[in-house]
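Numbering (our numbering) for the sequence shown: 8 to 258.
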Amino acid sequence: MKVFIINLPESIERKEHMLAQCKALSLDAEVFNAIAGRKLTPEEVSMHTRDLSEITTPGELGCALSHISIYRKIVENNIPHALIVEDDITMNESLPLILHKITELIGKKEIILLNQAKQYLSKVVRTLPGHRVHPAAEADLTCSYIITRDAAASMLKLLYPVWLLADRWQLIRDFNVADINCLVPPACTLSEHAQTTTIAGRYSSEAEIQQSELMWQKIKKARPLSVKIRSVLWRLYSRKYYKVIKHGVQS
Numbered sequence: 008m009k010v011f012i013i014n015l016p017e018s019i020e021r022k023e024h025m026l027a028q029c030k031a032l033s034l035d036a037e038v039f040n041a042i043a044g045r046k047l048t049p050e051e052v053s054m055h056t057r058d059l060s061e062i063t064t065p066g067e068l069g070c071a072l073s074h075i076s077i078y079r080k081i082v083e084n085n086i087p088h089a090l091i092v093e094d095d096i097t098m099n100e101s102l103p104l105i106l107h108k109i110t111e112l113i114g115k116k117e118i119i120l121l122n123q124a125k126q127y128l129s130k131v132v133r134t135l136p137g138h139r140v141h142p143a144a145e146a147d148l149t150c151s152y153i154i155t156r157d158a159a160a161s162m163l164k165l166l167y168p169v170w171l172l173a174d175r176w177q178l179i180r181d182f183n184v185a186d187i188n189c190l191v192p193p194a195c196t197l198s199e200h201a202q203t204t205t206i207a208g209r210y211s212s213e214a215e216i217q218q219s220e221l222m223w224q225k226i227k228k229a230r231p232l233s234v235k236i237r238s239v240l241w242r243l244y245s246r247k248y249y250k251v252i253k254h255g256v257q258s
């Protein structure tokens, strides 16, 4: 399976750390030069974003555009499935076997998070050596996930021009773009490099935080009725028929 590593060109140590891991695990890795949002002109920012957007920082825009650019590459090159990782993770030694098995079993429109989800359902979608795939109930981060070509095409259509943070997995699921699942236990964890962000950026002021929350509330309110209904039904269905597992504790 093709592995895309999102990395800013100036983050040489991070790139070398990721390439060393991929080499040790015999993974077919390609470094994708991340888009630095801070280097975009106002005209470029306007071109790449929608009027109603929760993106409030250059880092958030750069992160979203980087992932979207890989989706476009997957579609244009007809890549059946790929692993997308950011440059601040540590890969488990079982990852090559997991990727091999998932290649045989993955659905047509599916995304599988390889990092830890905040919550997932007790339902087992499929079993892998030493791991299980569950529906993700609540998750964030875009540091490591497998995506199919059809899912990438749907993500590209939904997310560009940019209006949503790259890791709004629950809303992406509610739009029926793809099945959002997660691997338990995870095969990728955040490394020490995650202590400092290079791509996504941080809010620099309370005003930015408030603006982001305001836009998020507007986005939720503006969701199509079908998406709102699907969100409610998913929560009702999942909690009626399955246990929700949070950090290894069933509830």
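Heads up, the beta-carbon is just placed ideally off N, CA and C, and yes, glycines get one too. Here the structure is a predicted model, which is why all the values come from computation and not from measurement.
Could you pull the DSSP bridge partners for residue i from this structure?
{"i": "Met98", "result": "Cys195"}
{"i": "Ser151", "result": "Val92"}
{"i": "Tyr127", "result": "Ala143, Ile252"}
{"i": "Glu117", "result": "Asp186"}
{"i": "Arg45", "result": "In DSSP, Arg45 forms no bridge with anything."}
{"i": "Val38", "result": "Ile12"}
Determine, using beta carbons only, whether residue i and residue j come nearer to each other than 8 Å.
{"i": "Ile154", "j": "Ile109", "result": "no"}
{"i": "Leu120", "j": "Leu190", "result": "yes"}
{"i": "Pro142", "j": "Asn188", "result": "yes"}
{"i": "Phe39", "j": "Ser18", "result": "no"}
{"i": "Met8", "j": "Leu104", "result": "no"}
{"i": "Ala41", "j": "Asn84", "result": "no"}
Quick one: give me the first and last residue of the beta strand (DSSP E) that residue i is part of.
{"i": "Leu59", "result": "Run containing Leu59: none; DSSP gives neither H nor E here."}
{"i": "Arg133", "result": "133–135"}
How many angstroms separate the CA atom of residue i from the CA atom of residue j?
{"i": "Glu199", "j": "Leu221", "result": "32 Å"}
{"i": "Gly69", "j": "Leu240", "result": "33 Å"}
{"i": "Ala160", "j": "Val82", "result": "6 Å"}
{"i": "Gln177", "j": "Ser33", "result": "33 Å"}
{"i": "Asn99", "j": "Cys29", "result": "11 Å"}
{"i": "Leu232", "j": "Arg242", "result": "16 Å"}
{"i": "Ser258", "j": "Pro16", "result": "Model confidence at Ser258 stands at a pLDDT of 40, short of 50, so the residue's coordinates are unreliable and nothing is read from them."}
{"i": "Glu215", "j": "Asn122", "result": "27 Å"}
{"i": "Pro192", "j": "Pro49", "result": "42 Å"}
Could you work out which residue in the options is closest to residue i when comparing CA atoms only?
{"i": "Lys125", "options": "Thr134, Asp147, His138", "result": "Asp147"}
{"i": "Gly114", "options": "Ala173, Ala144, Ser129, Asp157", "result": "Asp157"}
{"i": "Leu171", "options": "Lys30, His24, Gly66, Lys46", "result": "Gly66"}
{"i": "Lys250", "options": "Leu128, Leu112, Asn14, Met54", "result": "Leu128"}
{"i": "Cys195", "options": "Lys235, Leu59, Asp94, Arg79", "result": "Asp94"}
{"i": "Tyr144", "options": "Pro87, Leu15, Ile252, Ile42", "result": "First, the residue type needs correcting, since residue 144 is Ala and not Tyr in the sequence shown. The option with the nearest alpha carbon to Ala144 is Ile252."}
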